[in-house]
């Protein structure tokens, strides 16, 4: 009992420890199994990603080959049109240019950014060259205003030009000299040196009869030229008005420098070639990037294949997944670029085709214009001749002498030269052939299967016993010639013969068409339309011939 108290807990402890170790080992086994399954799944996914990338890169290579082929085709077309060989680097400089964005001025001295010259604006109140100050300019304006107000009591017409001006006003010689200095100053391209400080307007050092430098510069801005004799006094703040006798010298128009001129506009086909080359080079770059991704993906797939745990394979598998997405986007981009490239390629080929055909069109245009009138007249004459011949032979048609009618029409073909007249004559000949076959069909049918009560109607109806080339035989031995058989009676006979259920499908279709021709020649348009509808529904194989032969 004493030892039982010791050993029982020990045994229970050992049992519990063994069970715990068993569960731990079982958990490790489960994790190893899950890790193995995960690793196998990673390897399978890596193989799938690698195959996907390989297929996408193969497709990208095919697209790149197509793009380069289209670019070479466009290069050959450009060479054929322009006569000059353009390499890709030379053409790519036209890539950013478009027809709508390329400046194309109407005059050589006017660029896109420049606007045509407008009327000169009045001079600003401040001297732009910095010669006169505001105070000096105001003093000069005040003196001129006082002088004008002193002369305002006289009529404008009585004022005479003066040869000698008082102080503060330019003389004619001084005005001419001032213009010369002004033109020389404006023609200088370098920046002018700063002008010395002007003296006040009231300088007394100037000789009598001459202006000081300040008065000269101020007046140069105030007056562009001498006033007209009959001109009224201008407002103090209004711009000076040029006179007719001595108009002010115009400023030279600023011309753009040679460096600012727009580049020469290349031909439209060269601009399109630039777009094609740009797209082809971009596709080639993406194809190279896709091949680099494939090489890296092969390395990552090899790493996953040699991994011994999911921890080693997971980063490479994630990289493979990202590379798959990248290659997919790259393939989609290349497809879009190739699609965008197709339009300029087609335009280039169209321009080449247009250039190739232009000379031929010019050569044929003149010949066509000369021959068109004569050909139309010839067609009309020959069609009229065919119609006249058919009208002359109408009696043969009425007497059911279709063979003679067909031969007479066929003999006319050697005299025709136009396709239109020959086609019309051919249709007439085919109609006569159909009628001849219809006559033979009716004779054979009546001989094989007499038409009871087929002749006439009512109490006078008789049986049709048979038929021959001369006519039909009725009860009593009487013979009726074909020309004496009314068209309505012939319609009844033909419909009776076509009602035979033992007829072959080919024979029925041919004789239905011939029946329509008979109705057309006897002026029954409703019956012709019914036969045409029947042929369209039941015999579509001869629909085209029926529409041609049964046309009005």
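Numbering (the working numbering), first residue to last: 526 to 1077. All C-beta atoms, glycine included, are put in the ideal place defined by N, C-alpha and C.
**Q.** Residue range of the alpha helix (DSSP H) that includes residue 1051
**A.** As a first step, residue 1051 is located in the chain shown; it is residue number 526 there, counting from the start. Looking at the DSSP string, the run of the alpha helix (DSSP H) that includes residue 1051 is 1050–1063.
Q) Excluding five sequence neighbours on each side, which residues of the same chain lie with their C-beta closer than 7 Å to the C-beta of residue 908? A) Locating residue 908 in the chain shown gives position 383, counting from the first residue. Excluding sequence positions up to five before and after residue 908, its CB lies within less than 7 Å of the CB of 945, 946 and 949, all in the same chain and listed in chain order.
Q.
On a Cα-Cα basis, can you pick out the residue from 1006, 999, 819 and 1005 that is closest to residue 848?
A. To locate residue 848, count along the chain shown from 1; it is residue 323. When each option's Cα is compared against that of residue 848, the closest is 819.
Q) Going along the chain, which unbroken runs of the beta strand (DSSP E) with 3 or more residues stay wholly within the segment 952–1021? A) Counting only unbroken stretches of 3 or more residues, the beta strand (DSSP E) elements lying wholly within the segment 952–1021 are 976–980, 987–992, 996–999 and 1004–1006, in sequence order.
Q: Would you mind sorting residue 546 into buried or exposed? The rule is 16 or more other CB atoms within 10 Å of its CB.
A: Within the chain shown, residue 546 is the residue found at index 21, counting from 1. Classification for residue 546: exposed.
Q: Give me the Cα-Cα distance between residue 835 and residue 817, rounded to the nearest whole angstrom.
A: Walking along the chain shown from the start, residue 835 turns up at place 310. Walking along the chain shown from the start, residue 817 turns up at place 292. Answer to the nearest angstrom: the Cα atoms are 26 Å apart.
**Q.** Euclidean distance between Cα positions of residue 1044 and residue 1002
**A.** Start at 1 with the first residue of the chain shown, and residue 1044 comes out as number 519. Start at 1 with the first residue of the chain shown, and residue 1002 comes out as number 477. The straight-line gap from Cα to Cα measures roughly 29 Å.
Q: Would you mind sorting residue 742 into buried or exposed? The rule is 16 or more other CB atoms within 10 Å of its CB.
A: Here residue 742 corresponds to residue number 217 of the chain shown, with the count starting at 1. Answer is buried; the Cβ neighbour count reaches 16.
(Q) For residue 975 and residue 990, what's the separation of their Cα atoms in angstroms? (A) By 1-based counting over the chain shown, the position of residue 975 is 450. By 1-based counting over the chain shown, the position of residue 990 is 465. Approximately 5 Å, taken between the alpha carbons.
Q: Just the C-alpha distance for residue 876 and residue 606, rounded to the nearest angstrom, thanks.
A: If you number the chain shown from 1, residue 876 lands on position 351. If you number the chain shown from 1, residue 606 lands on position 81. Taken atom to atom, the span from the alpha-carbon of residue 876 to that of residue 606 is near 8 Å.
Q | 9 Å Cβ cutoff met for residue 572 and residue 826 | A | Taking the chain shown and counting its residues from 1, one reaches residue 572 at position 47. Taking the chain shown and counting its residues from 1, one reaches residue 826 at position 301. Less than 9 Å divides the Cβ of residue 572 from the Cβ of residue 826.
Q | Meets three-Cβ-pair contact criterion under 8 Å: the segment 802–809 and the segment 585–598 | A | When C-beta atoms of the segment 802–809 are compared with those of the segment 585–598, three or more pairs fall below 8 Å, so the two segments count as touching.
**Q.** At least 3 beta-carbon pairs within less than 8 Å: the segment 999–1016 vs the segment 949–961
**A.** With a cut-off of 8 Å on Cβ pairs, the segment 999–1016 is not in contact with the segment 949–961, counting fewer than three such pairs.
Q. Residue 1038 and residue 1067: beta carbons closer than 9 Å?
A. On the chain shown, residue 1038 is found 513 positions in, with the first residue counted as 1. On the chain shown, residue 1067 is found 542 positions in, with the first residue counted as 1. Taking 9 Å as the Cβ cut-off, residue 1038 and residue 1067 qualify as a contacting pair.
Q | Continuous alpha helix (DSSP H) stretch holding residue 858: start and end | A | One-based indexing of the chain shown puts residue 858 at position 333. Start and end: 835–917.
Q. Between the C-alpha atoms of residue 894 and residue 885, what's the straight-line distance to the nearest angstrom?
A. Your numbering for residue 894 matches position 369 in the chain shown. Your numbering for residue 885 matches position 360 in the chain shown. Cα to Cα, the separation comes out at about 14 Å.
Q: Assign residue 1034 to one of three DSSP states: helix, strand, or coil.
A: Start at 1 with the first residue of the chain shown, and residue 1034 comes out as number 509. In the structure shown, residue 1034 sits in a helix (DSSP, three-state: H, G or I).
Q) How many angstroms separate the CA atom of residue 557 from the CA atom of residue 815? A) Counting from one through the chain shown, the residue named residue 557 turns up at place 32. Counting from one through the chain shown, the residue named residue 815 turns up at place 290. Cα to Cα, the separation comes out at about 37 Å.
Q.
Quick check on DSSP: helix, strand or coil for residue 602?
A. Looking up residue 602 in the chain shown gives position 77. If DSSP states are grouped into helix, strand and coil, residue 602 belongs with the helices.
Q: Would you mind reading off the limits of the alpha helix (DSSP H) that contains residue 816?
A: On the chain shown, position 291 is the one that residue 816 refers to. Unbroken alpha helix (DSSP H) run through residue 816: 793–830.
Q. In terms of alpha-carbon separation, which member of 537, 555, 845 and 567 lies closest to residue 574?
A. Locating residue 574 in the chain shown gives position 49, counting from the first residue. Comparing C-alpha distances from residue 574 to each of 537, 555, 845 and 567 shows the shortest one belongs to 845.
**Q.** Backbone CA spacing between residue 810 and residue 852 [nearest angstrom]
**A.** By 1-based counting over the chain shown, the position of residue 810 is 285. By 1-based counting over the chain shown, the position of residue 852 is 327. Computed Cα separation, rounded: 13 Å.
Q. Alpha helix (DSSP H) containing residue 1070: first to last residue?
A. Here residue 1070 is taken as the residue at index 545 of the chain shown, counted from 1. Start and end: 1068–1074.
Q: Please say whether residue 603 and residue 873 have beta carbons closer to each other than 9 Å?
A: Within the chain shown, residue 873 is the residue found at index 348, counting from 1. Within the chain shown, residue 603 is the residue found at index 78, counting from 1. Contact: yes.
**Q.** Range covered by the alpha helix (DSSP H) that runs through residue 931
**A.** Mapped onto the chain shown, residue 931 falls at position 406. Residues 927–935.
**Q.** Beta-carbon spacing of residue 882, residue 927 below 9 Å
**A.** Within the chain shown, residue 882 is the residue found at index 357, counting from 1. Within the chain shown, residue 927 is the residue found at index 402, counting from 1. Not a contact, by the Cβ cut-off of 9 Å.
Q) Looking at C-alpha atoms only, which residue of 1048, 842, 576 and 833 is the closest neighbour of residue 559? A) By one-based count along the chain shown, residue 559 stands at place 34. Distance check between residue 559 and each of 1048, 842, 576 and 833 places 833 closest, using alpha-carbon atoms only.
Q. Which word fits residue 534, buried or exposed, when buried means at least 16 other C-beta atoms lie within 10 angstroms of its C-beta?
A. Along the chain shown, read from residue 1 onward, the residue named residue 534 stands at position 9. When all chains shown are included, residue 534 counts as exposed.
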